[in-house]
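Going by the working numbering, the first residue of the sequence shown is number -2, and it counts up by one from there. Glycine included, each C-beta is placed from N, C-alpha and C at the ideal position. Everything below concerns the one structure shown next.
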Amino acid sequence: MSFVTPGEPLAVEEEAIPASGVYISRDGYLRSMIVGKATLDRYKKILHVKPVVRRDLTIRQGVIVEGLVINTSEDVAFVKIYSAENNKVNAIGLLHVSQVSSDYIRDINEYIRIGDIVKAKVINTNTPYLLTVKEPSTGVILAQCSNCGSILYLHSAGYLVCKNCGKQEKRKVAAGYLYSLR
Ligand SMILES: [Zn+2]
């Protein structure tokens, strides 16, 4: 058993069958969905990750949560949820690329990046919590410039812009994005 974090590669696809807490990423790795302990059944070749963080009762289906994007792969963003209905919580949420937009998205990093603060809706009740940002009120509420680290401002044309270095970036922006250009 070893302690693992979201997105961490645990094995390649040919080595084991993914069970609870594990998903297969597009590059063929079995990766952890959650913070937990990984166990490989060496006889059956089944890989599990058991959560170390217990279920939080304030996080349930339909609740809007807020969190920090701590890791991404091509198809999943991992969100450290710190607030749910104005209660302080500590949980990991999983945002799949199919839950960012109704349109097809190849790479989630074109819309959500590490370091972004997001508002998202929870679509299930157990860990790992699954999130969606399809609704206009959900998405990125604060992002930093990938070039210089300054806060990005929302331009009325819909893109984000850095006042410091001028870089323009794209995100799936929530209606309540915190800083706007005026
Ligand atoms: Zn910048």
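Could you pull the DSSP bridge partners for ASP38 from this structure? ILE43
Can you give me the C-alpha to C-alpha distance between LEU7 and VAL94, rounded to a whole angstrom? 21 Å
Tell me whether ASN144 counts as near ligand 1, meaning its Cβ is closer than 8 Å to at least one heavy atom of that ligand. yes
Distance CB(VAL49)-CB(GLY59) smaller than 9 Å: no
Let me check you understand the geometry: is the CB of GLY163 closer than 8 Å to at least one non-hydrogen atom of ligand 1? yes
For GLU71, I'd like the list of residues in its chain whose CB is within less than 6 Å of its CB, leaving aside the five on either flank, ordered along the chain. These residues qualify, in order along the chain: ARG23, ASP104.
Could you tell me the boundaries of the beta strand (DSSP E) in which ARG28 lies? 26 to 29
Reduced DSSP category for SER105 - H, G, I as helix; E, B as strand; rest coil: Per the sequence shown, residue 105 should be read as Ile rather than Ser. In the structure shown, ILE105 sits in a helix (DSSP, three-state: H, G or I).
Chain-order list of residues whose beta-carbon lies under 6 Å from that of THR135 (same chain, five-residue window excluded): LYS116, ALA117, LYS118, ALA171
Could you tell me which residues DSSP pairs with THR135 in its beta bridges? Bridge partners of THR135: none, in fact.
Please identify the residue among ILE111, ALA140, SER(-1), LEU139 whose C-alpha is closest to the C-alpha of ALA74. ILE111
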